[in-house]
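Going down the list, the protein sequences come from chains A and B.
Residue 90 in this note's numbering is what sits at position 90 of the first sequence, and the numbering runs on without skipping anything.
Residue 58 in this note's numbering is what sits at position 58 of the second sequence, and the numbering runs on without skipping anything.
Even glycine gets a Cβ: it sits at the ideal position worked out from N, Cα and C.
To start, the structure itself, in structure tokens.
2 protein chains.
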Amino acid sequence: MLRLPLYVRALSQLQAEGTDVVSSHQLGKRLQMTPAQIRKDLSYFGRFGKQGRGYKVQFLLQELGEILGLDIRWNTCLIGVGRLGRAIINYPGFAPEGFNILAAFDSDPGQVGTPIRNLSVQPMKDLEKTVTDREIVIAIVAVPAAQAQMVIDQLVKCRIRGILNYAPVAPQVPMDVVLRNIDPVLSLQSMTYYLRDQTEAEQASVKTTGRGKGPQPARR
Amino acid sequence: MLRLPLYVRALSQLQAEGTDVVSSHQLGKRLQMTPAQIRKDLSYFGRFGKQGRGYKVQFLLQELGEILGLDIRWNTCLIGVGRLGRAIINYPGFAPEGFNILAAFDSDPGQVGTPIRNLSVQPMKDLEKTVTDREIVIAIVAVPAAQAQMVIDQLVKCRIRGILNYAPVAPQVPMDVVLRNIDPVLSLQSMTYYLRDQTEAEQASVKTTGRGKGPQPARR
Numbered sequence: 001m002l003r004l005p006l007y008v009r010a011l012s013q014l015q016a017e018g019t020d021v022v023s024s025h026q027l028g029k030r031l032q033m034t035p036a037q038i039r040k041d042l043s044y045f046g047r048f049g050k051q052g053r054g055y056k057v058q059f060l061l062q063e064l065g066e067i068l069g070l071d072i073r074w075n076t077c078l079i080g081v082g083r084l085g086r087a088i089i090n091y092p093g094f095a096p097e098g099f100n101i102l103a104a105f106d107s108d109p110g111q112v113g114t115p116i117r118n119l120s121v122q123p124m125k126d127l128e129k130t131v132t133d134r135e136i137v138i139a140i141v142a143v144p145a146a147q148a149q150m151v152i153d154q155l156v157k158c159r160i161r162g163i164l165n166y167a168p169v170a171p172q173v174p175m176d177v178v179l180r181n182i183d184p185v186l187s188l189q190s191m192t193y194y195l196r197d198q199t200e201a202e203q204a205s206v207k208t209t210g211r212g213k214g215p216q217p218a219r220r
Numbered sequence: 001m002l003r004l005p006l007y008v009r010a011l012s013q014l015q016a017e018g019t020d021v022v023s024s025h026q027l028g029k030r031l032q033m034t035p036a037q038i039r040k041d042l043s044y045f046g047r048f049g050k051q052g053r054g055y056k057v058q059f060l061l062q063e064l065g066e067i068l069g070l071d072i073r074w075n076t077c078l079i080g081v082g083r084l085g086r087a088i089i090n091y092p093g094f095a096p097e098g099f100n101i102l103a104a105f106d107s108d109p110g111q112v113g114t115p116i117r118n119l120s121v122q123p124m125k126d127l128e129k130t131v132t133d134r135e136i137v138i139a140i141v142a143v144p145a146a147q148a149q150m151v152i153d154q155l156v157k158c159r160i161r162g163i164l165n166y167a168p169v170a171p172q173v174p175m176d177v178v179l180r181n182i183d184p185v186l187s188l189q190s191m192t193y194y195l196r197d198q199t200e201a202e203q204a205s206v207k208t209t210g211r212g213k214g215p216q217p218a219r220r
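Here it is as structure tokens:
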């Protein structure tokens with residue numbers, strides 16, 4: 001499921017490039033996945049292509065968009081209007097994809113009332129009423145790590161159903177709330193496993209052949 | 001593999017809270033996963049716990065850290081010093097985790113030579129020499145979408161082995177280069193599948209019971 005948006009992104013690019021039909025091999029090359037994995041992922045959601053014929057880009061794009069709910073507008077709010085929060089409000093990529101930030105909150109009284117883009121920062125005590133009145137479904141959390149769990153607990157109480165968390169913590173939410181973490185350190189750490197393996201393979205090859213393939217990281 | 005850093009994050013928090021032993025149930029609750037999935041993930045890398053005894057937090061943390069290469073320093077560079085790039089250089093979370101940004105590059109001659117933190121922005125023509133001389137293994141890409149693939153091709157030529165891409169595109173890299181994308185829209189889109197399902201279940205329940213559980217998103 002986490003991969004489907006990546007398919008959509010790649011298919012959109014293919015469509016923009018004028019490609020009508022794409023094979024699982026071509027998609028796999030673009031997404032660093034095996035053709036078998038691609039076929040397996042897509043077959044889980046229905047029969048999108050015919051054996052040996054490839055996938056019709058426009059049709060697959062539309063189907064995946066519906067599966068992912070990309071045809072829906074999602075009312076969204078932001079908690080925390082520090083440097084990161086302001087960058088998020090000003091990020092031009094959300095609205096065209098259906099994610100509309102309708103309200104912004106901050107616990108700092110000095111921030112309350114400040115205008116940011118087309119919004120006025122609201123105090124946290126307004127959270128529940130605003131979420132209900134504006135039918136907000138998703139919250140973006142950009143508060144310091146120490147406050148994140150408390151803020152997320154408040155959001156859960158207000159019946160927010162999806163949370164995009166930028167704080168570098170692993171917050172706890174009930175099973176019926178969907179949480180995604182945006183954390184560059186986690187992404188880097190998920191690479192180093194593969195890089196370390198390459199490094200060790202190369203170090204082994206240094207031992208036998210006397211040369212490696214590239215620079216080596218240093219042990220800490 | 002993508003989940004291991006999340007385990008490390010959760011275990012670090014448990015350790016900070018003074019927890020010595022944790023069960024797969026407790027870990028699962030924290031990470032929104034089933035205990036079976038946790039046991040399966042961890043058993044893939046070795047026998048970390050005994051049936052019914054739980055996992056020793058400190059031991060598991062150390063083992064996973066070694067598996068992920070978290071004990072290694074990774075020399076890193078940044079491409080693109082716009083608003084996002086500057087936020088990345090000033091992000092305090094990288095260095096303590098072993099990711100040291102040693103150089104910053106930009107294609108804009110007006111940016112070259114500008115001091116940012118302890119670095120001086122370099123022109124793109126210095127890329128290959130600096131990557132080799134400073135033994136840089138990972139690059140962080142924070143350039144506009146239209147330039148991302150070109151910049152990433154240059155990085156691949158310089159034998160960069162891991163790329164953290166912030167541009168909202170799905171770039172293509174050879175199989176032996178590890179790519180991770182930081183893209184809040186992709187993360188939001190990977191939630192909406194689940195939210196849409198809930199929404200449709202609730203709409204069904206509205207039909208039968210006359211009331212829903214919370215606000216509904218609107219079709220676009």
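Check                                                                                                                                                         : Outcome
Do we get a CB-CB distance below 8 angstroms when we pair A10/A with the residues of chain B?                                                                 : yes
Quick check: is the beta carbon of F105/B nearer than 8 angstroms to any beta carbon in chain A?                                                              : no
Could you tell me whether the Cβ of W74/A comes closer than 8 angstroms to any Cβ of chain B?                                                                 : yes
CA-CA distance, I116/A and A104/A?                                                                                                                            : 9 angstroms
Among the residues of its own chain, which have a CB less than 8 angstroms from the CB of K207/A, if the five just before and after it don't count?           : Note that K207/A scores 46 on pLDDT, short of 50, meaning its location in the model is unreliable; the coordinates nonetheless yield the value given after this. Result list for K207/A: empty, nothing under 8 angstroms.
Which of the residues in the region 175-198 of chain B, read from start to end, lie with their CB under 7 angstroms from any CB of chain A?                   : M175, V178, L179, R180, I182, P184, V185, L186, S187, L188, Q189, S190, M191, T192, Y193, Y194, L195, R196, Q198
Give me the Cα-Cα distance between V57/B and R180/B, rounded to the nearest whole angstrom.                                                                   : 28 angstroms
When the Cα atoms are used, what is the spatial distance from L6/B to L188/A?                                                                                 : 12 angstroms
Just to confirm, are I89/B and L78/B a CB contact at a threshold of 8 angstroms?                                                                              : yes
Within its chain, find whatever has a CB closer than 8 angstroms to the CB of A148/B; leave out the 5 residues flanking it on each side and keep chain order. : V141, N165, A167, V169, P171
Taking E128/B as the reference, give the member of P144/B, A146/B, I152/B, G113/B with the closest Cα.                                                        : I152/B
Am I right that G113/A and S107/A are in contact with their C-beta atoms under 8 angstroms? What's the rounded C-beta distance?                               : Their Cβ separation, rounded to whole angstroms, is 14 angstroms, which puts G113/A and S107/A out of contact at 8 angstroms.
By the three-class DSSP mapping on this structure, what secondary structure does F59/A have?                                                                  : helix
Output, in chain order, the set of chain B residues within a Cβ distance shorter than 9 angstroms of V169/A.                                                  : R9, Q13
Using a C-beta to C-beta distance shorter than 7 angstroms, which residues of chain A count as neighbours of G113/B?                                          : Correct list: empty, because the minimum Cβ distance to chain A is about 25 angstroms.
I'd like the ranges of any alpha helix (DSSP H) spanning at least 4 consecutive residues and lying wholly in the region 114-195 of chain A.                   : 127-133, 145-157
Return the first residue and the last residue of the beta strand (DSSP E) that N90/A is part of.                                                              : Taken as a continuous stretch (DSSP letters only), N90/A belongs to no beta strand (DSSP E), being part of the alpha helix (DSSP H) at 83-90.
Using only CA atoms, which one of A139/B, I160/B, V178/B lies nearest to G80/B?                                                                               : A139/B
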